[in-house]
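Here's the structure, in structure tokens; my notes come after.
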Amino acid sequence: MKQLFRARPLAVVGAILVLGTTGIQAHHSWRNYHWARTTTVLALQVGDNVGSAWDAYLTEAISDWNVSGVLDLVKTGGGTNPSTCDPTPGRIEACNGAYGQNGWLGIAQIWITGRTHITQATTRLNDTYFSMSTYNTPAWRRLVTCQEIAHDFGLDHQDERNNNTNLGSCMDYTNDPDGGLGGWSPNDPSNEHPNAHDFEQLQTIYGHKDSTSTASAQGAAGAAAPSVRARRPEAAEWGQLVRTSPDNRVQTYEKDLGNGNKVVTHVFWADPEADAHRN
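First residue of the sequence shown? That's 148 in this note's numbering, and the numbers climb one at a time after it.
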């Protein structure tokens, strides 16, 4: 088992922007999905099933999101096989593997019961693409890890356009995650970490308590929705496409599992032009 990592939440700063011509979303929660909890702060384990090339990025993402003040994410030993990345009730499992040239950089899956409560979640990081020169950079690894983990506790994107100025948030899509020269703007910020608007949205999502808890810093938290098990999850196994961006780089799928349960899949697609010129 890997060594326990625990980062305590710090104070929240900043305020969220209003939706306007900049494309920033004032409310970027993921359809009100959230972990039920009876405490003010969401305490949640993140299972470390990633290899050494990803460990530092997972640790950094956990530390970054704990700054929100409403999360107490705890990096702990992995509880699943990385090649299948099956979910564990009451926690997030983070995995990496060479999942193949299937077009996606990362996948976040959440299991929902009672319409909005997350009961278990997974993040997959596709080494097939992160071994390519385009994506094998610290900035791309930080962006995708930060964003997919955030989907697992109910946060959505601030902006889904790739070719515009960075907002300084890993919840902003971009073709230039480290910002600055070489991207849309010569002096825009990096999109490798959360920003104050992300923390403000998390305060909104988790600004109430529930009568029960689906999350546990101690492991399994009762019954969870049935899992969908697959070595390489593809669109046919994700269910129905329910949302897509104009350039098809951002897509969400839902699969009905019956009895009020479903699995929701967010797909972070690679840039097809970069893929065509990969080496």
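Think of the CB as a built atom: it goes at the ideal place given N, C-alpha and C, for glycine as much as any other residue.
Computed from a predicted model, the values in this text were never measured in an experiment.
Residue i in three-state terms, based on DSSP
i      : result
TRP212 : helix
GLN248 : coil
LEU272 : strand
TYR204 : helix
ALA113 : The question about residue 113 has no answer here: the residues shown for the chain are numbered 148 through 426.
ASN283 : coil
ARG178 : coil
ALA390 : One detail in the question is off: residue 390 reads as Arg in this sequence, not Ala. In this structure, ARG390 counts as strand in the three-state DSSP scheme.
VAL410 : strand
ILE259 : strand
ALA154 : Caution applies to ALA154, whose pLDDT of 38 falls short of 50 and renders its modelled position unreliable; the value that the coordinates give is listed next. ALA154 falls in the coil class under three-state DSSP.
From the options, residue whose alpha carbon lies closest to that of residue i
i      : options                           : result
THR399 : ARG308, TRP416 and GLY225         : TRP416
SER278 : ALA343, ASN179, CYS293 and TYR246 : TYR246
GLU295 : ALA183, THR391, SER230 and PRO341 : PRO341
GLY237 : GLY244, GLU207, ARG184 and ARG396 : ARG184
GLY327 : THR312, CYS317 and SER316         : THR312
ASP303 : HIS413, THR186 and HIS355         : HIS413
ALA297 : PRO393, ASN310 and SER316         : SER316
GLY301 : LEU349, THR391 and PRO419         : LEU349
GLY407 : HIS264, ILE209 and GLU207         : HIS264
ALA208 : GLY198, ARG396 and VAL193         : VAL193
VAL389 : GLU401, ASP325 and GLY250         : GLU401
VAL411 : THR186, HIS355, VAL188 and GLY386 : GLY386
ARG396 : THR187, THR351, GLY329 and THR321 : THR321
THR187 : SER337, GLY405, THR351 and THR391 : THR351
SER337 : TYR353, HIS344, THR359 and LEU314 : LEU314
Beta carbon of residue i nearer than 8 Å to that of residue j
i      : j      : result
PHE346 : VAL221 : no
THR266 : GLU240 : no
ALA362 : ALA190 : yes
ASP323 : ASP306 : no
THR227 : ASP233 : yes
ASP195 : GLY224 : yes
THR275 : GLN248 : yes
GLY253 : ASN273 : yes
CYS242 : ARG271 : yes
GLY309 : ASP394 : The residue you asked about is not Gly; residue 309 is Asn in the sequence shown. Cβ atoms of ASN309 and ASP394: closer than 8 Å.
ASP299 : ALA255 : yes
LYS409 : ASP418 : no
GLY250 : SER230 : no
GLU339 : ASP357 : no
heavy atom of the ligand FAD below 7 Å from residue i C-beta
i      : result
TRP287 : With respect to small molecules bound, the structure shown includes none, and the ligand FAD cannot be examined in it.
### Message
Does the contact criterion of 3 or more C-beta pairs under 8 Å hold for the region 200-209 versus the region 284-302?
### Response
yes
#### Entry: Three or more C-beta pairs below 8 Å linking the region 258-269 and the region 177-189
yes
### Task
Please specify which runs of the alpha helix (DSSP H), each continuous and at least 4 residues long, are wholly inside the region 290-372, giving them in chain order.
343-352
### Message
Report the start-end ranges of each alpha helix (DSSP H) in the region 214-240 that is 4 residues or longer and not cut off at the edges.
### Response
none
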